[in-house]
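>
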Amino acid sequence: MEIDLPKFCFLEDTFVPWEEAKVPVSTHALHYGTAVFAGLRGYWNEEEHQLYVFRIRDHFERLHDSVRIIFIDLKYSVDELIDITKELLRKNEFKCDVYIRPLAFKSVGPKIVGMDITTVPNSFLMFALGFGEYLPLSGGLHVCTSTWRRIPDVCIPARGKISGAYANSCLAKSEATLSGFNDAVFLTEDGYVSEGSAMNLFIVRKGTIITTPVYADILEGITRRTLMQVARDLGIPVEMRPIHRSELYVSDEIFFCGTGVQLAPVTKVDHREVKNQEMPVTKRIQKTYFDIVRGKNEKYRNWLTPIYE
Ligand SMILES: Cc1ncc(COP(=O)(O)O)c(C=O)c1O
88 MEIDLPKFCF LEDTFVPWEE AKVPVSTHAL HYGTAVFAGL RGYWNEEEHQ
138 LYVFRIRDHF ERLHDSVRII FIDLKYSVDE LIDITKELLR KNEFKCDVYI
188 RPLAFKSVGP KIVGMDITTV PNSFLMFALG FGEYLPLSGG LHVCTSTWRR
238 IPDVCIPARG KISGAYANSC LAKSEATLSG FNDAVFLTED GYVSEGSAMN
288 LFIVRKGTII TTPVYADILE GITRRTLMQV ARDLGIPVEM RPIHRSELYV
338 SDEIFFCGTG VQLAPVTKVD HREVKNQEMP VTKRIQKTYF DIVRGKNEKY
388 RNWLTPIYE
């Protein structure tokens, strides 16, 4: 797949041409995964000729929470990060849907080899790319339960969006695709459903949407939080509670959600068809979600940040 490369990247306080955005080979984060990241989406609204970034403040607040966990000093405030994002998108003149990737990372320390990160300097970059679907949104996904377990909070906290922890996600996702599935569902150490390889999960049972709790070693997803609120506003009951693997097999509907995946119906789990292939609840929430992110639902306009003046 050909990807249109962006013109500019933000690196170390300045906007640099994409080809010149480089880091040293001794960068600590490259060796040890000592970085945290965020993933945001911007949606192009053709009628208004406007690019809207979804819940930008929430993403940067979570980035600030993440850096606290792993001793990274992020020198930009949330407001400054919002300004950098706006300028980055404007400089690249995006007129399409985009994915935005900020990364706060440990750069080159006094010792090249060493695990004490408190003395390693901090660095920051951000870039954005034109971006479409991460996983198919229609047609339904066939997923498997991963043979890998979700990395527990006592090892590397999933809520931290810590780069190194994503090796766990890569193992699960790669195994799933090699075995012919679209993605994988992680179980926790004690055998409860956690989340997808890089997305949260909901099941639907008798009209109620149910998602796994924060103590199931999940990332506290912003889309998850969004959908819980939207569902309640639509009059759909919401529960947050532990889910067994076998409950996936008896659910009426299942869907994944996250900034990357957006809201994608799962139609098959471990070779078992999900009961209601029509997905009425999932589709209702999905439609509302896409109207919201594209600026077509006035009620939730405050979640959108317009980029062009
Ligand atoms: C492990 C993991 N879970 C869940 C999500 C969903 O989070 P959000 O909705 O904030 O993008 C992501 C990121 O997209 C993720 O990497």
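Counting in this note's numbering, the sequence shown runs from 88 upward without gaps. Beta carbons: idealized from backbone N, C-alpha and C, even for Gly. Please read all numbers here as calculations on a predicted model, not as lab measurements.
#1: Do you know offhand how far GLU148's Cα is from GLY201's?
#2: Should LYS162 go down as buried or exposed, given a rule of 16 or more other Cβ atoms within 10 Å for buried?
#3: Could you check whether PHE289 and SER233 sit closer than 9 Å to each other, using their CB atoms as the reference points?
#4: Relative to the C-alpha of GLU99, which residue among GLY120, PHE158, SER194, LYS293 is closest?
#5: If we require 4 or more residues per run, which alpha helix (DSSP H) segments fall completely within the stretch 234 to 317?
#6: Assuming contact is defined by CB atoms lying nearer than 9 Å, are SER250 and LEU306 in contact in what I supplied?
#7: Below 6 Å CB to CB, which residues in the same chain sit around ASP378 once its five sequence neighbours on both sides are set aside?
#8: Between the stretch 290 to 301 and the stretch 264 to 271, do at least 3 Cβ pairs fall closer than 8 Å?
#9: Give the DSSP-derived three-state secondary structure of ILE375 in the structure shown.
#10: Decide if ARG328 is buried, meaning its Cβ has at least 16 other Cβ atoms within 10 Å, or exposed.
#11: Do you know whose CA, among TYR387, SER338, PRO111, MET286, lies nearest ASP320's CA?
#12: State buried or exposed for THR275, treating a residue as buried only when at least 16 other CB atoms are found within 10 Å of its CB.
#13: Would the C-beta of ARG311 count as close to ligand 1, meaning under 8 Å from any of its heavy atoms?
#14: If you compare alpha carbons, which of PHE218, LEU335, ASN363 is closest to VAL356?
#15: Can you tell me whether GLN364 is buried or exposed? The criterion is at least 16 other CB atoms within 10 Å of its CB, across all chains shown.
#16: Distance, Cα to Cα, TRP235 vs GLU174?
#17: Over what stretch of residues does the beta strand (DSSP E) that includes ALA215 continue unbroken?
#18: In terms of DSSP beta bridges, what is ILE341 paired with?
#19: On a CA-only basis, which of LEU314, GLU326, LYS370 is nearest GLY345? Give me that one, please.
#20: Which of helix, strand or coil does DSSP assign to THR232?
#21: Could you check whether ALA252 and GLY120 sit closer than 9 Å to each other, using their CB atoms as the reference points?
#22: Using the rule of at least 16 other Cβ atoms within 10 Å of the residue's Cβ for burial, across every protein chain shown, is ALA254 buried or exposed?
#23: Within the present structure, is the beta-carbon of VAL317 separated from the nearest heavy atom of ligand 1 by less than 8 Å?
#24: Just mark ASP304 as buried or exposed, buried being the case when its beta carbon has 16 or more other beta carbons within 10 Å.
#25: Within 10 angstroms of its Cβ, does GLU133 collect 16 or more other Cβ (buried), or is it exposed?
#26: Between the alpha carbons of ILE372 and VAL291, how many angstroms are there, rounded?
#27: Given 8 Å as the limit, is there contact between the stretch 239 to 247 and the stretch 151 to 159, that is, 3 or more CB pairs closer than that?
#28: Could you please give the first and the last residue of the uninterrupted alpha helix (DSSP H) stretch that includes TYR336?
#29: Between the Cα of PRO91 and the Cα atoms of ASN179, ASP240, ASP339, MET213, which residue gives the shortest distance?
Walking through what the data contain:
#1: 29 Å
#2: exposed
#3: no
#4: SER194
#5: 253 to 265
#6: no
#7: ASN384
#8: no
#9: The residue you asked about is not Ile; residue 375 is Thr in the sequence shown. Note: THR375 maps to helix in three-state DSSP.
#10: exposed
#11: TYR387
#12: buried
#13: yes
#14: LEU335
#15: exposed
#16: 40 Å
#17: 209 to 217
#18: ILE290, VAL353
#19: LEU314
#20: strand
#21: yes
#22: exposed
#23: no
#24: buried
#25: exposed
#26: 12 Å
#27: yes
#28: 332 to 336
#29: In the sequence as displayed, the identity of residue 91 is Asp instead of Pro. Nearest of ASN179, ASP240, ASP339, MET213 to ASP91, Cα basis: ASN179.
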